[in-house]
Each structure stands twice: as C-alpha cells, then as structure tokens.
Amino acid sequence: MEKKINKLGESDLNRRDFLRGSSLAGLMGMLGGVQLIAPKVAKAVDVDAMVAFTVKVGVIGLGTRGRDILATLGQQKEAIIAGVCDNYAASLKRGAKAAPDAKAVEDYKALLDDKEIKAVVIATPTQAHKEITLAALQAGKHVYVDAPIAHTVEDARAIAKAAVAAKKQYVQTGFDGRSHPQNLFMYPFIRAGTMGKIISARGHWHKKISWRFSSPNPDREKDLNWRLNKEVSTGLVGEIGSHQFDRLGWMMGQRPTAVTGYGRVMFWNDGREVPDTIQALVEYEGGVALNYDATLASSFEGETDALYGSDATVLMRDSKAWMFKEVDAPLLGWEVYARKDNLSLYNETGIALMANASKQKALTATGDAESAAADTALKYAMKNFLFNVNEVSAGVEDFLATFDPNDTKALEKHVSEIKKMPAASIVDGYQSTVVAIKANEAILKGGRVELHKDLFTI
Amino acid sequence: MREGVPTGTPSRRIQPHLSNRPEFQKKQNKPNIVTLPGNMKTNFMTKHLTLALALAGAALSAHAAEALVKYQSQPGSSVKMEGTSTVHDWTTIGIIGGSMELDAAFEADLKTVKQTPKVAIVIPVRQLKSQVTPGGPKMDQVMQEHMNFKQFQRIEYKLDELTPKDGKFEAKGALTVAGVTKTIVMPVTFERLPGDKIKVAGSTSVKMSDFSIKPPNPEFAGVGIKTGDEVKLTFEWLTAKVKAAQ
Numbered sequence: 000m001e002k003k004i005n006k007l008g009e010s011d012l013n014r015r016d017f018l019r020g021s022s023l024a025g026l027m028g029m030l031g032g033v034q035l036i037a038p039k040v041a042k043a044v045d046v047d048a049m050v051a052f053t054v055k056v057g058v059i060g061l062g063t064r065g066r067d068i069l070a071t072l073g074q075q076k077e078a079i080i081a082g083v084c085d086n087y088a089a090s091l092k093r094g095a096k097a098a099p100d101a102k103a104v105e106d107y108k109a110l111l112d113d114k115e116i117k118a119v120v121i122a123t124p125t126q127a128h129k130e131i132t133l134a135a136l137q138a139g140k141h142v143y144v145d146a147p148i149a150h151t152v153e154d155a156r157a158i159a160k161a162a163v164a165a166k167k168q169y170v171q172t173g174f175d176g177r178s179h180p181q182n183l184f185m186y187p188f189i190r191a192g193t194m195g196k197i198i199s200a201r202g203h204w205h206k207k208i209s210w211r212f213s214s215p216n217p218d219r220e221k222d223l224n225w226r227l228n229k230e231v232s233t234g235l236v237g238e239i240g241s242h243q244f245d246r247l248g249w250m251m252g253q254r255p256t257a258v259t260g261y262g263r264v265m266f267w268n269d270g271r272e273v274p275d276t277i278q279a280l281v282e283y284e285g286g287v288a289l290n291y292d293a294t295l296a297s298s299f300e301g302e303t304d305a306l307y308g309s310d311a312t313v314l315m316r317d318s319k320a321w322m323f324k325e326v327d328a329p330l331l332g333w334e335v336y337a338r339k340d341n342l343s344l345y346n347e348t349g350i351a352l353m354a355n356a357s358k359q360k361a362l363t364a365t366g367d368a369e370s371a372a373a374d375t376a377l378k379y380a381m382k383n384f385l386f387n388v389n390e391v392s393a394g395v396e397d398f399l400a401t402f403d404p405n406d407t408k409a410l411e412k413h414v415s416e417i418k419k420m421p422a423a424s425i426v427d428g429y430q431s432t433v434v435a436i437k438a439n440e441a442i443l444k445g446g447r448v449e450l451h452k453d454l455f456t457i
Numbered sequence: 000m001r002e003g004v005p006t007g008t009p010s011r012r013i014q015p016h017l018s019n020r021p022e023f024q025k026k027q028n029k030p031n032i033v034t035l036p037g038n039m040k041t042n043f044m045t046k047h048l049t050l051a052l053a054l055a056g057a058a059l060s061a062h063a064a065e066a067l068v069k070y071q072s073q074p075g076s077s078v079k080m081e082g083t084s085t086v087h088d089w090t091t092i093g094i095i096g097g098s099m100e101l102d103a104a105f106e107a108d109l110k111t112v113k114q115t116p117k118v119a120i121v122i123p124v125r126q127l128k129s130q131v132t133p134g135g136p137k138m139d140q141v142m143q144e145h146m147n148f149k150q151f152q153r154i155e156y157k158l159d160e161l162t163p164k165d166g167k168f169e170a171k172g173a174l175t176v177a178g179v180t181k182t183i184v185m186p187v188t189f190e191r192l193p194g195d196k197i198k199v200a201g202s203t204s205v206k207m208s209d210f211s212i213k214p215p216n217p218e219f220a221g222v223g224i225k226t227g228d229e230v231k232l233t234f235e236w237l238t239a240k241v242k243a244a245q
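Residue numbers (numbering that gives the first Met the number 0), protein chains in the order written: chain A, 0 to 457; chain B, 0 to 245.
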C-alpha cells in the first residue's frame with residue numbers, strides 16, 4: 000500500500016487506502032456505511048509519566064511535620080530520599096521505616112557530609128532551624144526550611160542573609176500556600192481589582208486540640224512540647240497564624256505596619272504559659288486591618304480567611320474559595336458561567352473561584368477542580384522545590400562548564416534568570432516570619448507593636 | 000565519522016570544558032615561549048623547557064608553529080531554535096560555550112583567511128529553554144527526552160572550512176546533535192566589539208530527522224501536539240580574547 004507522507008513527516012492513511020486494504024471496510028462500503036476514523040498518529044509522549052530528573056534529598060527532623068514531608072516526597076517520582084535524620088532515636092526509627100532506602104543518622108552533620116545529597120528539607124522545631132540551615136548552606140545544599148523560619152528576628156535575619164549570599168543554591172521556605180494552584184488561580188483575580196477596594200480582612204483558626212504530647216521520658220517530653228515553651232515558641236500566631244498572614248498579605252500586596260495583640264490560657268490549664276486563645280489586629284500600609292483569632296479550645300468555624308472588598312468579598316476555606324458580589328458591582332462576564340455553591344452557614348450563594356469550575360464542568364463532573372483543590376499545599380510545595388532545585392543546580396553546573404567559572408557576576412545573573420515554579424522565597428519567608436514574631440510579642444504583652452520598615456530588610 | 004550514526008561515549012558526564020581549566024590554558028600558551036622570545040621567563044625551569052620545546056618545535060610544521068590567538072565564549076552568547084507545531088510556533092533559547100583560535104592575519108582584519116580558525120562550540124542541551132508560558136518546563140522535558148539527553152548532554156560544533164563570500168563567510172562544519180554528526184554549511188559574520196571581543200553570528204535551518212530525532216508529538220490536557228521537522232537555528236556568539244597566562 001502506498002503511504003502518503005504529510006508535511007509533518009508522518010503517514011496519512013486516507014479513506015481510499017483504508018477501503019482497499021480491508022474487506023470488512025469494503026463490506027461496510029457496499030452497505031452504504033462509511034466508518035469515520037481519525038487519521039492515525041504515532042503514540043503521543045505521555046508527559047506526566049516522564050521522569051526527566053531526580054533529586055537526592057535528605058529530611059532533617061522527623062516529627063509529625065517531618066513525617067508528612069517524607070510521605071509527600073515519597074509520592075514524588077523525582078525525589079530520591081537518600082537520608083533521614085532526627086536526634087531522637089524513636090522518631091528516627093519511625094522515619095527510617097517510611098524511607099527504607101535512606102541512610103538514617105542522628106547527627107544532621109553526617110547527613111550534610113554526604114556529597115550525594117543535593118538538597119535538604121529542614122522540619123525540626125523552629126528554634127533549631129538557624130544552626131542547621133546555616134550548616135546546610137555552608138555544605139552547599141539546596142534548602143527547604145519550614146515555616147516560620149525562626150523564633151527570633153535575629154535568627155530569621157541570619158538565615159535570610161546566608162540564603163541570599165548562597166548564589167549557587169536554591170532556598171525555599173515553608174509557606175506552602177504560595178505553591179498551591181488554588182491560591183495561584185485566585186491571586187490574579189484579587190490583584191486585578193475584581194473586588195473593588197479592599198476594605199478589611201479576617202482570618203481565623205479554631206481547633207480543639209491540646210498541643211501537648213506525652214512521653215515517658217521527662218527530658219523528651221520537654222523537647223517534644225517546644226510549642227508550649229514560652230522561651231522558644233512563637234505560639235499560635237507563629238506556628239499557625241503566620242501562614243494565614245502570609246497568604247492574606249500576599250493577596251493584598253501590602254505589608255503590615257503595626258500589630259496589636261491579646262492572648263490568654265483560657266482552657267488548657269496544664270501549667271502552660273503560651274496562650275491557647277489569641278486575637279490580633281494587623282494594620283496594613285493601605286489602611287486595611289486584618290482581624291485574626293485562633294484557639295485550641297473550640298473547633299467551631301474551623302479555618303477561614305476572608306478579604307472584604309467594595310465590589311465583592313472572597314472567602315477562602317479548605318483550599319477552596321468563593322466570591323460574593325455586591326448587588327451594585329459591575330458585571331464581569333465570566334461569573335455567569337462559573338459554578339455557584341450554596342453556603343448555608345452564611346445564607347449566601349458563592350461564585351466558585353476555582354480553575355475549571357464552570358457550569359459545564361460541574362455538569363460533566365470530571366472533578367478536575369475538586370481534585371486539584373483537594374491536594375495539600377505541601378504536595379505542590381515539594382513538587383516545585385524538586386523542580387527548582389534541579390533547574391538551579393543544572394543551571395550552575397552548565398554555566399561553570401560553559402563560561403569562565405570565576406565570572407561570579409555573570410553566574411549570579413544566569414541563576415537569577417532561571418525560571419522557577421511558584422514557591423515561597425527566602426524573602427517571603429523572612430518577612431512573614433518576622434511579622435508573626437512581632438505579633439506574638441504584641442500578644443504576650445497585650446498591646447500594640449509598630450513594625451518599622453527596617454524590620455523587612457534582610 | 001559516518002553520517003547518521005550515533006557516536007560519542009554514551010556515559011560521558013558533563014565536565015568543565017578542557018579549555019576552561021587554568022592548567023590547560025597554561026600549557027596552550029607554552030609554545031609562545033618559542034615563537035615570542037619577548038615573553039620568555041628567565042627562571043631555571045623555563046630555560047630547560049625552552050630547549051626541549053625548541054627541539055620539539057623543529058618537528059612541527061610551520062603552520063602549527065604560528066601563534067594562534069584564543070577567544071573564549073562569554074556569558075550573553077545565545078542560540079535560538081525556532082520551530083513549528085500544529086498548535087503554534089515555538090522558540091527555545093540557550094547558551095553557547097567553547098572557543099576559537101585565530102591566526103594573526105585573521106585576527107587583525109577579520110577578513111583574510113589564511114588558515115581555518117579552530118572553532119569548537121558546545122551547547123548544553125539542558126539550558127535550551129522553551130519560551131512558551133505556561134508549559135515551558137514540560138516542553139523542555141519532552142525535548143530532552145527526544146534528544147536523548149541522558150546520553151548526549153551537549154550539542155557540539157566544529158568548524159572545518161571558512162570561505163569568504165559576499166562580504167560574509169560561508170562556514171562548513173560538523174554539527175553533532177544527540178550523538179549524530181552532520182556537515183552543515185551556513186553563512187556567518189565576524190564582528191569586532193570593543194574590549195578585545197569578537198561576535199560571531201549566523202543562522203541556518205536543520206531537520207530533526209537528519210539527526211535521527213523524531214519530531215515530538217506530546218499530549219497536553221488531551222490535546223495532541225505535532226511538531227514540524229524543520230528547525231531554524233540562529234546564534235550570536237560573544238567571545239573575548241584570552242589573556243596570556245602570567
């Protein structure tokens with residue numbers, strides 16, 4: 000059979016060829032039926048199944064967060080977990096079980112000495128971040144340091160300075176919401192002025208949980224309960240609130256100027272000094288105030304962030320978001336086709352702010368938008384961390400092999416121009432961390448703390 | 000080297016380019032001691048080396064004995080690949096490394112070709128970045144897969160012949176992509192820039208299939224994309240004179 004080659008260089012099987020070559024088709028032809036078949040194309044490359052690169056990663060700190068990270072990395076085909084580390088034997092054993100091929104060490108230095116390990120994820124208690132992050136950068140590793148990045152402004156600044164100076168390395172901070180597609184989808188809507196003038200913000204986090212862990216070993220129990228130790232803990236506002244401040248400030252594109260706080264131990268009277276119930280009012284440059292509260296004593300309302308605008312309000316909850324328009328707001332057009340959800344608690348109908356959340360999609364129920372929203376922010380943060388680590392290390396390696404290795408200025412330029420997947424940078428991480436530290440200061444003293452411009456400079 | 004047949008050592012890792020290593024550059028400049036007595040160093044070792052090199056030099060042709068001036072690739076050198084597909088045209092941009100060695104006559108006027116300049120160019124495949132947004136990284140992955148990146152991490156070019164033509168030059172050289180070498184002829188220009196720099200620019204079209212590369216047809220969100228076989232290459236190569244080792 001003569002094959003015709005089209006302009007893209009592949010065979011074009013036409014109807015005549017098909018009829019000549021097949022008796023069944025001939026029969027169909029006689030019966031008057033024409034079978035319509037798509038032109039044959041070579042099998043497409045399955046882009047999602049490709050493993051274009053791998054990164055050898057070490058995880059330091061194997062508490063609940065560290066184990067979450069291990070599990071998440073374990074699902075990424077680009078990650079090779081080459082080392083796990085915790086200075087507490089039982090945690091190390093548990094972590095090692097989750098990553099059986101990784102070398103398990105109690106001393107993080109042993110992990111940093113391993114030249115094979117290119118990147119480390121630091122998920123230790125916050126007060127241990129500085130020492131380990133500085134050592135990891137010194138050892139030439141790419142670093143993911145969890146949020147908040149430190150428990151004092153001095154530590155946060157030391158980490159940020161070292162990270163900025165490490166020009167050949169990639170540093171990401173644990174404000175994972177910055178990598179979540181739901182937030183990335185919503186961001187341009189808010190920044191484009193869809194809400195009119197943003198007039199106020201609200202955030203809360205409510206959960207009935209003690210935050211206290213028990214251990215038969217008293218020393219271990221003290222270590223384990225670092226969140227309840229006033230000396231090193233940034234409290235609810237640092238460990239939880241910082242993530243919400245980060246998202247709301249990012250969406251508004253504004254920096255806080257002052258914070259007023261209030262906090263008490265209202266329920267968990269177990270001798271703790273770190274408040275279990277807090278309130279904070281964060282003032283922003285544009286005059287907007289964020290009204291924030293968090294508690295460990297009530298679960299009502301769960302976690303919600305809201306931005307109120309003169310044309311519309313955006314409500315963010317469980318990695319989903321809705322927009323509520325004012326009656327006098329201009330018609331944008333797209334919202335006509337958007338899916339509407341009934342939010343009974345609010346007695347309102349919200350316009351779903353989700354990628355692909357159109358009426359058609361809702362009818363076909365492919366669940367694309369739902370499944371993307373259901374994935375954790377950590378998953379996207381890890382995925383993007385691995386990608387960015389590979390891009391930066393490949394960029395540096397290729398630059399050094401191509402040009403004069405002593406031309407550091409050109410190397411820095413080359414690295415800074417590398418396109419990265421969205422993630423919380425060291426600057427984002429530093430700024431959101433110091434805001435939370437200052438907010439905790441305001442809560443503990445029960446008053447107002449001004450945030451000087453210099454606070455935000457690294 | 001047979002055309003259309005993969006060559007090269009498959010397991011080769013990326014190494015700093017030989018000519019970039021300081022010890023290599025030093026050795027390269029050693030013959031200067033023979034031909035340019037003014038550069039002679041007076042230490043004991045050099046005196047003995049000079050004798051040895053003079054003896055060795057006698058065995059070399061007059062050609063090779065002529066001092067060549069080396070120009071090294073500079074950051075800012077870029078290569079652009081432009082292609083087509085059933086969805087839209089695409090562009091990737093990458094960096095160029097390597098070096099060229101010119102004889103004195105050519106270096107002086109960038110016109111007189113007495114001796115073909117020694118030109119060796121490398122292009123790291125990983126640094127070829129698709130300019131499409133979004134989806135660029137995915138396209139890069141597809142391209143690397145099709146170019147067998149894991150085995151062949153660089154595109155290489157060696158100049159064989161340089162012929163003046165209509166105020167420009169016609170460059171004939173060997174282009175190696177994904178381990179397959181083809182001879183290509185393309186027009187190029189040499190331009191002197193301030194600060195002992197020379198810019199070499201040119202453009203040509205090649206076919207992916209000539210290098211045994213199947214034009215990719217990836218699928219994104221259920222949409223199959225077919226890329227065209229022909230690719231246009233445009234390059235601007237900035238080089239700077241290598242200062243003699245002290």
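Think of the CB as a built atom: it goes at the ideal place given N, C-alpha and C, for glycine as much as any other residue.
Nearer than 6 angstroms: is that true of the beta carbon of residue 211 of chain B relative to any heavy atom of the ligand SAH?
Because no ligand of any kind appears in the structure shown, any question about the ligand SAH cannot be addressed here.
Among A/184, A/233, A/193, which one has its Cα closest to the Cα of residue 275 of chain A? Position 276 of the first sequence, counting from 1, holds the residue named residue 275 of chain A. With distances taken between Cα atoms, residue 275 of chain A lies closest to A/233.
For the alpha helix (DSSP H) containing residue 341 of chain A, name the first residue and the last one.
By 1-based counting over the first sequence, the position of residue 341 of chain A is 342. No alpha helix (DSSP H) contains residue 341 of chain A, which is instead part of the beta strand (DSSP E) from 339 to 342.
**Prompt:** Any beta-carbon of chain B closer than 7 angstroms to the one on residue 251 of chain A?
**Reply:** Taking the first sequence and counting its residues from 1, the one referred to as residue 251 of chain A is at position 252. Cβ-Cβ to chain B under 7 angstroms: no for residue 251 of chain A.
| message | In whole angstroms, give me the CA-to-CA distance for residue 387 of chain A and residue 85 of chain B. | response | For this step, residue 387 of chain A is matched to residue 388 along the first sequence. For this step, residue 85 of chain B is matched to residue 86 along the second sequence. Near 30 angstroms, if we compare the C-alpha coordinates of residue 85 of chain B and residue 387 of chain A.
Practice task
Classify residue 167 of chain B as helix, strand or coil using the three-state DSSP reduction.
Solution key: Within the second sequence, numbered from 1, the residue matching residue 167 of chain B stands at position 168. Of the three classes helix, strand and coil, the one that applies to residue 167 of chain B here is strand, per DSSP.
From the DSSP output, in three-state form, read off residue 24 of chain B for me. As a first step, residue 24 of chain B must be located in the second sequence, where it is residue number 25. Below a pLDDT of 50, predicted positions are generally treated as unreliable, and residue 24 of chain B, at 48, falls in that range; no measurement from the model is reported.
| message | Using the three-state DSSP reduction, which class does residue 413 of chain A fall into: helix, strand or coil? | response | Start at 1 with the first residue of the first sequence, and residue 413 of chain A comes out as number 414. Look at residue 413 of chain A here: in three-state DSSP terms it is helix.
Give me the chain A residues within the contact set of residue 94 of chain B, using Cβ-Cβ distance strictly less than 9 angstroms, ordered along the chain. Position 95 of the second sequence, counted from the first residue, corresponds to residue 94 of chain B. Those are 397, 398, 401, 402, 413, listed as they occur along chain A.
**OP:** Mind reading off the beta-carbon distance from residue 74 of chain B to residue 397 of chain A? Whole number of angstroms is fine, and I expect it under 8 angstroms.
**Re:** Residue mapping note: residue 74 of chain B aligns to position 75 of the second sequence, counting from 1. Residue mapping note: residue 397 of chain A aligns to position 398 of the first sequence, counting from 1. Incorrect: roughly 12 angstroms between the Cβ atoms, too far for contact.
Output the distance between the C-alpha atoms of residue 87 of chain B and residue 145 of chain B, rounded to the nearest integer angstrom. Residue mapping note: residue 87 of chain B aligns to position 88 of the second sequence, counting from 1. Residue mapping note: residue 145 of chain B aligns to position 146 of the second sequence, counting from 1. If I take the Cα positions, the gap works out to 19 angstroms.
Look at the alpha carbon of residue 132 of chain B and the alpha carbon of residue 419 of chain A, and state the distance between them as a whole number of angstroms.
Position 133 of the second sequence holds residue 132 of chain B. Position 420 of the first sequence holds residue 419 of chain A. Using only the alpha carbons, I get a separation of about 12 angstroms.
Report yes or no: is there a C-beta of chain B within less than 7 angstroms of the C-beta of residue 422 of chain A? For the purposes of this step, residue 422 of chain A is identified with residue 423 of the first sequence, where counting begins at 1. Judged by the 7 angstroms Cβ criterion, residue 422 of chain A is not in contact with chain B.
Worksheet item: For the segment 420 to 452 of chain A, which residues have a beta carbon sitting closer than 8 angstroms to at least one beta carbon of chain B?
Response: Result list: 420.
**Message:** Quick check: residue 100 of chain B and residue 121 of chain B, are their CB atoms within less than 7 angstroms of each other?
**Reply:** As a working mapping, residue 100 of chain B is identified with position 101 in the second sequence. As a working mapping, residue 121 of chain B is identified with position 122 in the second sequence. No, Cβ-Cβ distance for residue 100 of chain B and residue 121 of chain B is not below 7 angstroms.
| said: Let me see if you follow: with CB-CB separation under 7 angstroms, is residue 126 of chain B close to chain A or not? | reply: Taking the first residue of the second sequence as position 1, residue 126 of chain B is located at position 127. It does: the Cβ of residue 126 of chain B has a partner Cβ on chain A nearer than 7 angstroms.
From A/327, A/345, A/344, A/349, residue whose alpha carbon lies closest to that of residue 334 of chain A:
Within the first sequence, residue 334 of chain A is the residue found at index 335, counting from 1. Ranking A/327, A/345, A/344, A/349 by Cα distance to residue 334 of chain A puts A/349 first.
message: Using a Cβ-Cβ distance cut-off of 7 angstroms, determine whether residue 409 of chain A contacts chain B.
response: Residue numbering aside, residue 409 of chain A sits at position 410 when the first sequence is read from its first letter. So, interface residue.
Whose Cβ in chain A lies nearer than 9 angstroms to the Cβ of residue 71 of chain B? By 1-based counting over the second sequence, the position of residue 71 of chain B is 72. Per Cβ cutoff of 9 angstroms: 402, 403.
Check whether the segment 94 to 112 of chain B touches the segment 428 to 438 of chain A, taking contact to mean three or more Cβ pairs, one atom from each stretch, closer than 8 angstroms. In short, these stretches do not touch, since the Cβ pair count stays below three.
From the beta carbon of residue 393 of chain A, is the nearest beta carbon of chain B less than 7 angstroms away?
By one-based count along the first sequence, residue 393 of chain A stands at place 394. Taking Cβ atoms only, chain B reaches closer than 7 angstroms to residue 393 of chain A, which makes this a yes.
Rounded to whole angstroms, what's the CA-CA distance from residue 22 of chain B to residue 69 of chain A? Just pull it up for me.
Numbered from its first residue, the second sequence carries residue 22 of chain B at position 23. Numbered from its first residue, the first sequence carries residue 69 of chain A at position 70. Caution is warranted here: a pLDDT of 47 is assigned to residue 22 of chain B, below 50, making its placement in the model unreliable, and the coordinate value is therefore given only provisionally. Roughly 44 angstroms separates the two Cα atoms.
- Query: When burial is assigned at 16 or more other CB atoms within 10 Å of the CB, is residue 208 of chain A buried or exposed?
  - Reply: Walking along the first sequence from the start, residue 208 of chain A turns up at place 209. Label assigned to residue 208 of chain A: exposed.
Tell me, please, whether the CB atom of residue 123 of chain B is closer than 7 angstroms to any CB atom in chain A?
The sequence position of residue 123 of chain B within the second sequence is 124, counting from 1. Closer than 7 angstroms to some Cβ of chain A, the Cβ of residue 123 of chain B qualifies, so yes.
- Query: Shortest alpha-carbon distance to residue 284 of chain A belongs to which of A/317, A/452, A/266?
  - Reply: The count along the first sequence starts at 1 and reaches residue 284 of chain A at position 285. Nearest C-alpha to residue 284 of chain A: A/452.
Exercise for the section: Could you please give the first and the last residue of the uninterrupted alpha helix (DSSP H) stretch that includes residue 249 of chain A? Expected result: The residue labelled residue 249 of chain A in the question sits at position 250 within the first sequence. Residue 249 of chain A -> alpha helix (DSSP H) spans 241 to 251.
### Query
What residues from chain B crowd round residue 386 of chain A, counting only those whose CB sits closer than 8 angstroms?
Working through the first sequence from its first residue, we reach residue 386 of chain A at position 387. Those are 136, listed as they occur along chain B.
Query raised in the report: Candidates A/454, A/176, A/403: which alpha carbon is nearest residue 241 of chain B's?
Result: To locate residue 241 of chain B, count along the second sequence from 1; it is residue 242. Ranking the options by Cα distance to residue 241 of chain B, first place goes to A/403.
Does any residue of chain A have a CB that is nearer than 7 angstroms to the CB of residue 140 of chain B?
The residue labelled residue 140 of chain B in the question sits at position 141 within the second sequence. With 7 angstroms as the cut-off, residue 140 of chain B counts as an interface residue toward chain A.
inquiry  = At the 7 angstroms Cβ level, is residue 235 of chain B part of the contact set with chain A, yes or no?
reply    = The residue you call residue 235 of chain B lines up with position 236 of the second sequence. Chain A, which has no Cβ nearer than 7 angstroms to the Cβ of residue 235 of chain B, makes this no.
Looking at C-alpha atoms only, which residue of A/383, A/401, A/444 is the closest neighbour of residue 118 of chain A? Working through the first sequence from its first residue, we reach residue 118 of chain A at position 119. Comparing Cα positions, the closest option is A/383.
Along the chain, where does the alpha helix (DSSP H) that runs through residue 254 of chain A open and close? Translated into the one-based positions of the first sequence, residue 254 of chain A becomes position 255. Taken as a continuous stretch (DSSP letters only), residue 254 of chain A belongs to no alpha helix (DSSP H), as it is neither H nor E.
Using 8 angstroms for Cβ pairs, my map puts residue 463 of chain A next to residue 299 of chain A. What's the rounded Cβ distance? The structure shown does not extend to residue 463 of chain A, since chain A spans only 0 to 457, so no value can be given for it.
Count the CB pairs spanning the segment 246 to 258 of chain A and the segment 174 to 187 of chain A that are closer than 8 angstroms, and state whether there are at least three. yes
* Beta-carbon separation of residue 113 of chain B and residue 104 of chain B under 7 angstroms? -> As a first step, residue 113 of chain B must be located in the second sequence, where it is residue number 114. As a first step, residue 104 of chain B must be located in the second sequence, where it is residue number 105. Contact flag set, yes.
Measure from the alpha carbon of residue 80 of chain A to the alpha carbon of each residue in A/72, A/86, A/169, then state which is nearest.
Numbered from its first residue, the first sequence carries residue 80 of chain A at position 81. Per the C-alpha coordinates, the member of A/72, A/86, A/169 positioned closest to residue 80 of chain A is A/72.
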